[in-house]
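Student:
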Amino acid sequence: MNRHCLMLCLLGLSLPASAMDLKQAWDLLQYQGPIYHAAEHEKQAGLENRAIGQAGLLPQINATAYYNKVNGSQRQSGQDNDLNYDSKGASVRLRQPLFNKQKMAEYRQGQQRADYSVAVFDAKSQDAAVRLADSYFDVLLASETITLARAKLNAFEEQLASAKRRMELGAGTVTDIDESVARRDLAEADLIEAQDNLVNARRKLEEYIGETPASLTTLQPGFTTPPLLPGNLQDWLVKAQTDSPLIHARRHSYELAEEEVNRAKAGHWPTLDFVAGYTAGSSQSISELNQRNQYSSIGLELNIPLYSGGSTSALTRQASANSSKALDELDATRQEVISGTTREYRGVQSGAMRIHALEKAVASNERSLTSTRKGFKEGGTSTNSDVLNAEELLFDARHDLFEAKLNYLMSRLRLASSVGSLGDDDIELVNNYLGPELMVSN
């Protein structure tokens, strides 16, 4: 059973009929995601550079054969003679490089290209995991936004009905009704926008995993923010500079450029090959019938470049400039990784504090709304506008809290990706925050 069949069987066992979670989406992406498969095939193609680079140091064997039918005439001593005979033969030739600095440089380049393709795949694989989680969470956020938008619309509908009743009783004003209608209409527009966002988010998720599930698992009510391990930014920066696949890829690219300099310089060096051959043929002519010849050869072939019009020197200068460019790109990537690691580390730290602050904000806004509604209905200390504003603030706080939780989880994944350690264990860690089923189909 091949790997894909085995993966399909595992997916069939692991995917419940109720809802898909992030771990199952990641497994599905690896099985049938076109973006992930493209990266896999790119790596497979890159790994062949090892054999391609090594081939130049191994024996090269060529065989040729020919068969000619000769028809013509020959005039000799005033006499015409017809020529009608066959000429055929075959030869085998072996060439083994003994000293060739260009071939050695190409061999090392093949190793570097293969290592580069592995590093690029690692980077793309981790980036695919981050993008998948981002698109997965976009669906959750869009769906939560719809839920909150509907709740806000219902709340504004109730407030409008309350304003109309107060108007009928002589306690309300036209301004209260107009303001409630305006808020209701805006809430309806927000709901339509949220529904469009959900359609787009579902389509984006489908691009990654090849299908759109009817339901996903969403955030559990309880949300913990454990401290990072290690808890020191400097440790994360050291790990990032050591293990980041982006830095590895750039380093291999620089070493590849350095070998190109060596390959260009090798154009000034002589080459020495071991050469062996064997030839057999048969032919005939007017003077010799059924002529046959067989011979073999063995020896050394020395090639000394004397002058190539300046191309070797120009190629060396060009390769040297490209090497300097690759070194600059390596330094730029290193700084980029450091900045990204710092940003995501701070994102996790500040994200945890923001979640705690928004949890308190939601609780305080719930109390504020309750008090404002009571003051509006009973004591007259609150206005219709106060109630609408309190409702708006509460729904905004709930939306911000949900989004902050998702951003916190994304920061943890991006941090792991920055240091090159994002894997199944990190996906599983984030997946533990999910549980309740959420319908996301139309």
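Letter by letter, the sequence shown follows residues 8 to 449 in our numbering. Glycine included, C-beta positions come from ideal geometry on N, C-alpha and C.
On the premise that Arg57 lies in contact with Gly284, defined as a C-beta separation below 8 Å, what is that separation, rounded to the nearest angstrom?
Tutor: Translated into the one-based positions of the sequence shown, residue 284 becomes position 277. Translated into the one-based positions of the sequence shown, residue 57 becomes position 50. So it is not a contact: roughly 30 Å between Cβ atoms.
Student: Compare the Cα-Cα distances from Ile68 to each of Leu429, Glu165, Ser418, Val282 and report the closest residue.
Tutor: Looking up residue 68 in the sequence shown gives position 61. When each option's Cα is compared against that of Ile68, the closest is Val282.
Student: Can you give the Cα-Cα distance for Ser389 and Ser346, rounded to whole angstroms?
Tutor: What you label residue 389 is simply residue 382 of the sequence shown in a count that begins at 1. What you label residue 346 is simply residue 339 of the sequence shown in a count that begins at 1. If you take the alpha carbons of Ser389 and Ser346, they lie about 49 Å apart.
Student: Using only CA atoms, which one of Ala97, Lys332, Gly354, Ala149 lies nearest to Val206?
Tutor: In the sequence shown, counting from the first residue as 1, residue 206 sits at position 199. When only C-alpha atoms are compared, the closest one is Ala149.
Student: Using 8 Å as the threshold, is the C-beta distance between Glu113 and Gly60 below it?
Tutor: In the sequence shown, counting from the first residue as 1, residue 113 sits at position 106. In the sequence shown, counting from the first residue as 1, residue 60 sits at position 53. Yes, these two residues count as a Cβ contact at 8 Å.
Student: On the DSSP bridge list, what partners appear for Tyr74?
Tutor: Taking the first residue of the sequence shown as 1, we reach residue 74 at position 67. According to DSSP, which records beta bridges pairwise, Tyr74 is partnered with Lys95.
Student: To which residues of the same chain is Phe128 closer than 6 Å at the C-beta, ignoring the five residues directly before and after it?
Tutor: Position 121 of the sequence shown, counted from the start, is the residue given in the question as residue 128. Excluding sequence neighbours, Phe128 sits near Ala46, Lys50.
Student: Of all the options Leu376, Leu139, Arg210, Asn300, which has the alpha carbon lying nearest to the alpha carbon of Gln37?
Tutor: Position 30 of the sequence shown, counted from the first residue, corresponds to residue 37. Closest option to Gln37, Cα to Cα, is Leu139.
Student: Contact between the segment 156-173 and the segment 217-231 is defined here as three or more beta-carbon pairs at a separation below 8 Å; is this criterion met?
Tutor: Touching, no, given that fewer than three Cβ pairs across the two stretches are closer than 8 Å.
Student: Cα separation between Pro234 and Leu226?
Tutor: As a working note, residue 234 is residue 227 in the sequence shown. As a working note, residue 226 is residue 219 in the sequence shown. Answer to the nearest angstrom: the Cα atoms are 19 Å apart.
Student: Using 8 Å for Cβ pairs, my map puts Ser290 next to Ser94. What's the rounded Cβ distance?
Tutor: What you label residue 290 is simply residue 283 of the sequence shown in a count that begins at 1. What you label residue 94 is simply residue 87 of the sequence shown in a count that begins at 1. Rounded, the Cβ-Cβ distance is 4 Å, consistent with contact.
Student: State the beta-bridge partners of Pro104 as determined by DSSP.
Tutor: Stepping through the sequence shown from its first residue, residue 104 is reached at position 97. The partner list for Pro104 (beta bridge, DSSP) reads Asp280.
Student: Who are the Cβ neighbours of Ala264 in its own chain at under 6 Å, not counting the five residues just before and after it?
Tutor: Along the sequence shown, one-based indexing puts residue 264 at 257. For Ala264, where only same-chain residues beyond five positions count, the Cβ hits under 6 Å are Asn329, Ser330, Ala333.
Student: In the structure shown, what three-state DSSP assignment does Leu54 receive?
Tutor: Along the sequence shown, one-based indexing puts residue 54 at 47. Leu54: helix per DSSP, three-state reduction.
Student: Going along the chain, which residues of its own chain have a beta-carbon closer than 6 Å to the beta-carbon of Ser453, five neighbours each way excluded?
Tutor: An answer regarding residue 453 cannot be provided, because it is not within the stretch 8 to 449 covered by the chain.
Student: Cutting at 7 Å between CB atoms, please list the residues of its own chain near Gly306, excluding the five before and the five after it.
Tutor: Position 299 of the sequence shown, counting from 1, holds the residue named residue 306. Closer than 7 Å at the Cβ level, and outside the excluded window around Gly306, lie Val282.
Student: Could you tell me whether the segment 227-247 touches the segment 112-126, using the rule of 3 or more Cβ pairs below 8 Å?
Tutor: No contact exists between the segment 227-247 and the segment 112-126.
Student: Among the residues of its own chain, which have a CB less than 7 Å from the CB of Val355, if the five just before and after it don't count?
Tutor: Against the sequence shown, residue 355 aligns to sequence position 348. Result list for Val355: Leu235, Tyr415, Ser418, Arg419, Leu422, in chain order.
Student: If you follow the alpha helix (DSSP H) that Tyr261 is part of, which residue opens it and which one closes it?
Tutor: Your numbering for residue 261 matches position 254 in the sequence shown. First-last of the alpha helix (DSSP H) with Tyr261: 252-272.
Student: Using CA coordinates, which residue listed in Pro41, Leu279, Thr278, Arg299 is at the minimum distance from Gly288?
Tutor: Along the sequence shown, one-based indexing puts residue 288 at 281. Residue Arg299 is the option with its Cα nearest to Gly288.
Student: So for Gly382, helix, strand or coil by DSSP?
Tutor: Here residue 382 is taken as the residue at index 375 of the sequence shown, counted from 1. Note: Gly382 maps to helix in three-state DSSP.
Student: Straight-line CA distance for Asp122 to Asp335?
Tutor: Locating residue 122 in the sequence shown gives position 115, counting from the first residue. Locating residue 335 in the sequence shown gives position 328, counting from the first residue. Using only the alpha carbons, I get a separation of about 20 Å.
Student: Under a three-way DSSP split, which group does Leu365 fall into?
Tutor: Reading the sequence shown from its first residue, position 358 is the one you call residue 365. If DSSP states are grouped into helix, strand and coil, Leu365 belongs with the helices.
Student: Could one say the Cβ of Ser346 lies closer than 8 Å to chain B's Cβ atoms, at least one of them?
Tutor: No chain B is part of this structure, which consists of one protein chain only.
Student: Considering only the alpha carbon of each residue, which of Arg270, Ala247, Asp141, Asn91 lies closest to Gly2?
Tutor: Not covered by the structure: residue 2. The range shown for the chain is 8 to 449.
Student: Tell me the rounded alpha-carbon separation between Pro41 and Glu55.
Tutor: As a position in the sequence shown, residue 41 is number 34, starting the count at 1. As a position in the sequence shown, residue 55 is number 48, starting the count at 1. Taking the straight line joining both Cα atoms gives about 22 Å.
Student: Which residues bound the alpha helix (DSSP H) around Leu401?
Tutor: For the purposes of this step, residue 401 is taken as the residue at position 394 of the sequence shown. 391-425 is the span of the alpha helix (DSSP H), which, as asked, contains Leu401.
Student: Would the segment 353-371 count as touching the segment 310-317 if we require 3 or more Cβ pairs under 8 Å?
Tutor: Contact between the segment 353-371 and the segment 310-317 is absent, because fewer than three Cβ pairs lie under 8 Å.
Student: Leaving aside the five residues before and after Leu279 along the sequence, list all residues of the same chain whose C-beta is less than 6 Å from its C-beta, in chain order.
Tutor: Residue 279 sits at position 272 when you count from the first residue of the sequence shown. Closer than 6 Å at Cβ, skipping near neighbours: Leu105, Phe106, Leu309.
Student: Should Ala130 and Ala256 be called a contact, given that it needs their Cβ atoms to be closer than 8 Å?
Tutor: Translated into the one-based positions of the sequence shown, residue 130 becomes position 123. Translated into the one-based positions of the sequence shown, residue 256 becomes position 249. Yes; because the gap between Cβ atoms is below 8 Å, this pair is in contact.
Student: Using three-state DSSP, classify Glu347 as helix, strand or coil.
Tutor: In the sequence shown, counting from the first residue as 1, residue 347 sits at position 340. For the sequence presented, residue 347 should be read as Gly rather than Glu. Looking at Gly347 - three-state DSSP - the assignment turns out to be helix.
Student: Under the assumption that Thr348 contacts Val426 (Cβ atoms under 8 Å), give the Cβ distance between them as a whole number of angstroms.
Tutor: Here residue 348 refers to the residue found at position 341 of the sequence shown. Here residue 426 refers to the residue found at position 419 of the sequence shown. With a Cβ gap of about 6 Å, Thr348 and Val426 count as contacting.
Student: From Arg173 to Ala158, what does the alpha carbon distance come to, in whole angstroms?
Tutor: Taking the first residue of the sequence shown as 1, we reach residue 173 at position 166. Taking the first residue of the sequence shown as 1, we reach residue 158 at position 151. The straight-line gap from Cα to Cα measures roughly 23 Å.
Student: How many Å lie between Met446 and Thr152 at the Cα?
Tutor: Within the sequence shown, residue 446 is the residue found at index 439, counting from 1. Within the sequence shown, residue 152 is the residue found at index 145, counting from 1. C-alpha separation (whole angstroms): 13 Å.
Student: Helix, strand or coil for Gly354 per DSSP?
Tutor: Your numbering for residue 354 matches position 347 in the sequence shown. Helix.
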